[in-house]
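Please read the structure below before turning to the comments.
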Amino acid sequence: MELFSLNGYNGEHISLTLKEVLGFPDKTCYEGGYDIVCTLEIVVGCYHVQCDKYYSATGALYRFADELKRCYDSLEGSAKYTLLLENDLVFEVTMTGCGHAVVAGTFQERPDLGNIFTFEMKTDQSCFRSVIQDIERIKREYGGMRGINQ
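Quick note: to get the working numbering, add 116 to the position in the sequence shown (first position is 1).
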């Protein structure tokens with residue numbers, strides 16, 4: 117199940133596809149919501165990252181969607197995707213004016229190695245709505261920051 121695909125121009129995108137929800141519905145995580153295992157894909161220019169076992173949390177998605185919605189509504193500001201304690205994937209969507217935005221971030225598959233993928237892509241607010249809706253669908257299915265049992 118696709119969690120979201122943040123699309124840029126010319127086929128560029130960042131997407132997360134859900135593989136597994138850990139501990140559902142009994143064990144929530146410190147990030148809020150549930151720990152999840154995903155497939156991560158980043159395509160920017162001629163570069164392509166495919167990580168088949170990226171660990172995240174629904175809480176990180178919810179925080180990102182809330183910030184992205186504020187950007188979508190006001191056409192200003194920024195929205196950051198990051199985990200509280202891990203920084204293997206960090207990216208920020210920054211509004212640049214007239215509904216345009218830049219997505220800039222880094223991905224590091226293994227923190228014990230110095231290989232860091234730094235990327236930047238251009239997009240606009242018309243791409244945000246589907247991301248927000250996809251994450252809201254996940255929230256309805258798996259509950260909010262406290263999961264479904266709390």
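Ideal placement from N, C-alpha and C gives every residue a C-beta, glycine not left out. Keep in mind that this is a model prediction, so the values were computed, not measured.
- Judged by DSSP secondary structure, Ile152 falls within the beta strand (DSSP E) whose first and last residues are Asp151 to Val160.
- Phe235 and Ala173 have their C-alpha atoms roughly 22 Å apart.
- By a beta-carbon distance limit of 8 Å, Ser194 contacts Thr210. Their separation comes to about 4 Å.
- Bridge pairing for Asp240: His216 [DSSP].
- Remark: C-beta atoms of Leu122 and Leu134 do not approach each other more closely than 7 Å.
- Under the Cβ criterion (8 Å, minimum of three pairs), the stretch 181 to 188 counts as touching the stretch 239 to 258.
- With a contact defined as Cβ atoms closer than 8 Å, Tyr170 and Cys154 qualify at about 5 Å.
- DSSP places Thr234 in the strand class (E or B) of the three-state scheme.
- As a beta-bridge residue in DSSP terms, Ser194 pairs with Thr210.
- DSSP, read as helix, strand or coil, puts Leu134 in strand.
- With at least 16 other beta carbons inside 10 angstroms of its own, His129 counts as buried.
- With a 10 Å radius around the Cβ and a threshold of 16 neighbouring Cβ atoms, Arg262 comes out exposed.
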